[in-house]
DNA sequence: TTCGGATGTGTCCATATCCAGACATGGTAA
DNA sequence: TTACCATGTCTGGATATGGACACATCCGAA
């Protein structure tokens with residue numbers, strides 16, 4: 092199992108390649124914001140169980156599908172904080 | 092109907108805010124690559140109908156959910172070509 | 001120690017959603 | 001014109017998936 096942090100780029104942004112790396116990035120930004128899963132789930136109108144699974148990269152076949160499309164196109168996905 | 096291009100940034104990358112903008116970006120990169128929906132769907136192991144809907148931003152409640160989470164966290168999503 | 005918060009994880013179930021297939025339309029080439 | 005391709009869109013059905021809820025674990029505070 093990969094317990095490392097999601098690899099940030101030189102400017103603190105995150106590359107997304109897999110559902111797992113997407114989940115890791117979400118978890119990073121959530122904890123950075125000082126929010127619990129319960130709080131963020133409420134803010135986003137989601138179930139906490141879903142958010143837990145999302146952060147773990149589980150049960151996200153849909154995400155995997157979309158990432159497959161983008162990978163085939165050679166498109167890179169980058170996440171970063173808007174207020175930088 | 093919106094026939095405009097998805098708004099590119101100064102460096103040719105695309106910001107994703109909604110399922111619609113995600114779909115528009117995918118369509119842009121697909122046509123740029125000279126691929127038909129059928130071709131890309133086969134390459135990615137998907138149904139063409141799904142890809143058509145994905146590019147139109149339809150039936151993507153899952154994407155909308157995840158985008159809600161990222162928006163609440165103030166996280167920005169950028170797509171760009173890896174070979175630039 | 002106990003207590004509470006945070007998180008992971010399991011089950012059940014209603015429903016969203018993907019796929020297959022068909023059909024219509026618009027464009028283009030012969 | 002006909003023929004073909006790309007795309008949008010609809011239906012039906014099988015399945016994936018999210019929500020609700022419960023429970024266990026871990027950890028820090030009191």
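Chains as they are written, first to last, in my numbering: chain A, 92 to 175; chain B, 92 to 175. For every residue, glycine included, the Cβ atom is placed at its ideal position computed from N, Cα and C. Remember, it's a predicted structure, so these values are computed and weren't measured experimentally.
What would DSSP say about residue i, mapped onto helix, strand or coil?
i	result
residue 95/B	Bear in mind that the predicted position of residue 95/B carries a pLDDT of just 39, short of 50, making it unreliable; the figure below should be weighed with that in mind. Note: residue 95/B maps to coil in three-state DSSP.
residue 129/A	helix
residue 137/B	coil
residue 170/A	strand
residue 183/B	This structure cannot speak to residue 183/B, because chain B is shown only from 92 to 175.
residue 114/B	helix
residue 151/B	coil
residue 164/A	coil
Compare the C-alpha of residue i against each of the options and name the closest.
i	options	result
residue 141/A	147/B, 138/B, 139/B and 157/B	157/B
residue 115/A	147/A, 165/A, 159/A and 168/A	147/A
residue 165/A	124/B, 136/B and 103/B	124/B
residue 131/A	155/B, 161/B and 168/B	161/B
Determine whether the beta carbon atoms of residue i and residue j lie at a separation below 8 Å.
i	j	result
residue 153/B	residue 163/A	no
residue 159/B	residue 103/A	no
Cα separation between residue i and residue j?
i	j	result
residue 149/B	residue 107/B	15 Å
residue 121/B	residue 129/B	11 Å
residue 167/A	residue 155/A	14 Å
residue 133/B	residue 105/B	24 Å
residue 127/B	residue 119/B	11 Å
residue 151/A	residue 145/A	7 Å
residue 171/A	residue 171/B	14 Å
residue 169/A	residue 117/B	15 Å
| task | Examine the Cβ distances between the stretch 128 to 145 of chain A and the stretch 108 to 126 of chain B and report whether three or more of them are shorter than 8 Å. | result | Short answer: they don't touch.
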